[in-house]
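Numbering (our numbering), first residue to last: 16 to 828. Positions of the beta carbon are idealized from the N, C-alpha and C atoms, including for glycine. Source: prediction; values computed, not measured. Reviewing the structure listed below.
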Amino acid sequence: MQVKEDWKQDIKLLLEQSPIYIRLRELAQDDLAVNELLTILFNAVDYACDRTRLVIRHMDEYTLHDEKHLFRVLQHMARLIPDSTLKNLQPLELALLILSAFYHDIGMAPSERLVMIYKGLIDNNDLKCEEIQEKQEFDLFCKSNPQLDEKIKKCDGASMNGQAELLNNYRITEYIRRSHAKKSREIIKEIIDKEAWSHNFMYRDFKFGPMLASICESHNVNITELVKLPYIETSCLVATNEYVNSLFISIILRIADLLDFDAKRTPKVLYDHLGIKSPISIKEWQKHRSINAWIIEENKIAFSAKCSHPAIEKSIREFCKYIDYELFTCKNVLDNMHDQYRNSLTDTYLMALPLKVDTSQVKGDTNFDGEPIYNYKDLTFSLNQEQVVKLLMGTSLYGDESVAIRELIQNAVDTCYVRKLHEEVWERDYKPKIDIRIYSEGDNNYLEIEDNGMGMDEYIITNYFSSVGSSYYKSEEFYKTIAQLKKDYKSISKFGIGILSVFMIADSIDVETRRVIDRYDCSDPISLLIEGLTGFFWYKKGHKKEPGTVIKLTLKSELKNDLNLVEKYIKDLIKYIDVPIYVNGKDIHSIDEIAVDYKGNTYKYDAIRNYEIDIDEPCGLKGKVTVYLLHDNGILTSSKILSRYNVEVKGEDFDLEVNLKLSSNHINKYTDSIEVDEEGVNVNSSYSYVVQTEGKVYINGIRVNDSLFALERDWWKQGSKNDRKMSWPFPIKYDMNVYNECELNLTAARDKIICDDKWENFKIIFTKIVIDNLIKQLNEKDEIKLLKEIIETNSSINQEFIEIFQQVVANYL
């Protein structure tokens, strides 16, 4: 109990150092209502500090919110407000300044139990109803940022537990930061309802709790949205001739909170630096949150720091740039305050704010000899727009112009899939469809791609469609939407240059679109014309009645004679996609029509037997494989003699053979022949391919112009990553779609497979599945043993295949 009293005494002493509190106490000397307000204020500050001290015991290195931050914000407020302006403020305005300093981040102070729930340290069966809902909201947030989740798992897998925990703490703090404004309002309402000392947050006859809640919430919204919040106004009458300017208080809170480098926002650059050679301690950053680092004078705000690492200096400078923006906008709002009740608002609430922060004293630290420990240069990568566009629009990066068509089709498929997910939740009938039209009118050729998917509105067009390198399907809001639907979906569209790629084949783009907003509503239709790479967008009122998008390309003149090739390319591009796709009215795709293209005169030799395998695995493999093996009178063999001849030349007998042999990814025919020259008679052997491995591979239903196997025609690539391609002791034909867990990474042009860890994982899975299905088609154990012997005695087979083969065969022998 004595500790609690000492605590209160400390709070009182700290409050009494604040000019704002001192001024409020002066006004309370002869005013009972203000005295009562002081009592409420002190109890409220004590409650806020008490709640803050009990939080976040599980985050050793990162403090979300503490009472030091609250008092620093109060100090910054007092330093920002000129003495003359402070004397103009009414009692409730002074009280709201103090209360907002202590309550604007009260939502950042979750209970210890809640943090443990976020960390998964409490079993779901032990959660209360409201805790289950809170956990679901946090899980939804986690699902909206799969990249961070993957990074945490990667650190865990690499035994970097400390960094994994730090990143997890960062995720929790980011969630709390984003939701804390709403929670602050809830906590204030809870205090009014449950805490007797609050006296309903009443001053005279005015209940100021809702106004305090809006002021606290305001620091977390865009400044242009401030006046839209309830109770945020310039002249709220609270008593006879006594007004409250809650807009002014909101702006002072906003700036003061930022001048503490916004304790909620430890800079992203520090977290980006984790995992690099010398990760930065968050504690090191905290050292710079000192009140003494700021110089606040009339028309001047300056910050000084000696930094131990360039990442910290960069963080400080970036934060100061953000403060510069806020100073400019806040100053503009303050300078333009006016209403019908008071004529002298700008004089009453005069603020001498500078336009930017002086950072001339932000420097690197020095060593014992006074030399800087590093040289900071504020350099970043810059792009030459003209040259980058030339690079992107040429074929050096993307291989050929057909990528533009592929990008459009992928986007159309994605938007249809996503709408299907929505319609399933809404329990409405929906049949996705994509129409592709290729035609000529006059001197122009056109390509149209129409889908009945989600469509676009102005927000999507501005932030994603027209933004090079920004994919809606990789955005946090998309992941959150999918999580809210309680569905899983991984887009087939990949990171790229987006609509810009279209100008590889087109001179202009016409867009007609309308977006599905919710079950019963759609956005207004939009008509959009983009002429050339200038990127000038012509908006017009659209006339589209149904949701979806039509993109019409005016093709370049040099493509005039290639329209048939465009149609052929589209038909070859797409398979395994359960969205009906029509080209000039003809259905070119059906999910059930999957076949392997057999090439070569395979069936000329009875010794070659094929084993057809249908694959449909949930891990992400669907298609058909045909394996070719050699038989000799029904018995598996590694070679088969087709014919044998005895030839006599110059009195000498020669045995000549024609045979078939299994080799890596091939069945070859070897033919002996005799060559007679001046040196005598020689027997030569030549070979030709009878069956060779070949096929088509699709990633998420889109054709990739690459092989899964290392072929002899690519011998010149050996020593590169091509030697990580598959090599089997027999040939196969394949037609395979790869997705889900088996999905492979592709090059920038998305036409070549990258042989990375995902590829190695795919190889193992694919090999196991094919071998397992092949063995199931063999007649008996003796035949399995024979195949095992053929493979194990073949010296040309790579060890990786043998090991996987032996693992699978062990289940049958």
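- For I311, the three-state secondary structure derived from DSSP is strand.
- Bounds of the beta strand (DSSP E) holding A254 are C251 to A254.
- Between the region 227 to 238 and the region 108 to 126, the count of Cβ pairs shorter than 8 angstroms is three or higher; the stretches touch.
- Of the residues assessed, K590 falls on the buried side of the cut-off, its CB having 16 or more other CB atoms within 10 angstroms.
- The beta-carbon distance between I779 and V581, rounded to whole angstroms, is 38 angstroms. This is too long to meet the 8 angstroms contact definition.
- In this structure, I96 and I267 form a Cβ contact; the two beta carbons are roughly 7 angstroms apart against a cut-off of 8 angstroms.
- Spanning the alpha carbons of E527 and V565 requires a straight line of approximately 5 angstroms.
- Annotation for E456: no residue places its beta carbon closer than 8 angstroms to its own, counting only its chain and skipping 5 residues before and after.
- Look at M175 here: in three-state DSSP terms it is coil, with no helix or strand label.
- For V696, the secondary structure class from DSSP, reduced to helix, strand or coil, is strand.
- Looking at the DSSP output, M751 bridges to G638 and V712.
- Put simply, the region 524 to 541 touches the region 462 to 474. At least three CB pairs are less than 8 angstroms apart.
- In the structure shown, Q707 falls within a strand segment according to DSSP collapsed to helix, strand and coil.
- Around the beta carbon of R659, fewer than 16 other beta carbons lie within 10 angstroms, which makes this residue exposed.
- In the three-state DSSP reduction, D472 falls in the coil class, being neither helix nor strand.
- Taking C-beta atoms as the reference points, M352 and T100 fail to come closer than 9 angstroms.
- Here the region 668 to 682 makes no contact with the region 817 to 827; the two share fewer than three CB pairs at distances below 8 angstroms.
- If you draw a 10 Å sphere on the C-beta of A211, you find fewer than 16 other C-beta atoms in it, and that means exposed.
- When C-alpha distances from L89 are compared across D536, E627, I596 and R269, the shortest belongs to R269.
- Taking N237 as reference, the option from T344, F745 and R332 with the minimal CA-CA separation is T344.
- One alpha carbon belongs to Y36, the other to L30, and they sit about 6 angstroms apart.
- DSSP lists C322 as the beta-bridge partner residues of G379.
- If you draw a straight line from the Cα of C431 to the Cα of K495, it is about 18 angstroms long.
- By the Cβ-count criterion, P746 is buried, with 16 or more other Cβ atoms from all chains shown falling within 10 Å of its own Cβ.
- Contact between P369 and N467 does not hold, since their C-beta atoms are separated by about 54 angstroms, which reaches or exceeds 8 angstroms.
- For a cut-off of 8 angstroms, the C-beta gap from A419 to V483 is around 14 angstroms, too long to register as a contact.
- The Cβ atoms of V594 and Y504 do not sit closer than 9 angstroms to each other.
- Inclusion of I187 and V130 in the CB contact set at 9 angstroms is warranted, their separation being smaller than that value.
- Beyond the five residues adjoining it in sequence on each side, L56 comes within less than 7 angstroms, by CB distance, of A110, I113 and L114 in the same chain, given in chain order.
- Around the beta carbon of Y535, a 10 Å sphere encloses fewer than 16 other beta carbons of the protein chains shown; the residue is thus reported as exposed.
- In chain order, V428, I507, I589, K590, Y591, I592, N752 and Y754 place their CB closer than 8 angstroms to the CB of G716, counting only its own chain and leaving out the 5 sequence neighbours on each side.
- Under the 8 angstroms Cβ criterion, the region 787 to 796 counts as touching the region 615 to 634, having at least three qualifying pairs.
- For I266, the enclosing alpha helix (DSSP H) has its first and last residue at S261 to L274.
- Among the bridge pairs identified by DSSP, N720 is matched with none.
- With a beta-carbon spacing of about 5 angstroms, D750 and K711 fall inside the 8 angstroms limit used to define contacts.
- In terms of Cα proximity to M217, the closest of I388, M123, F156 and L107 is L107.
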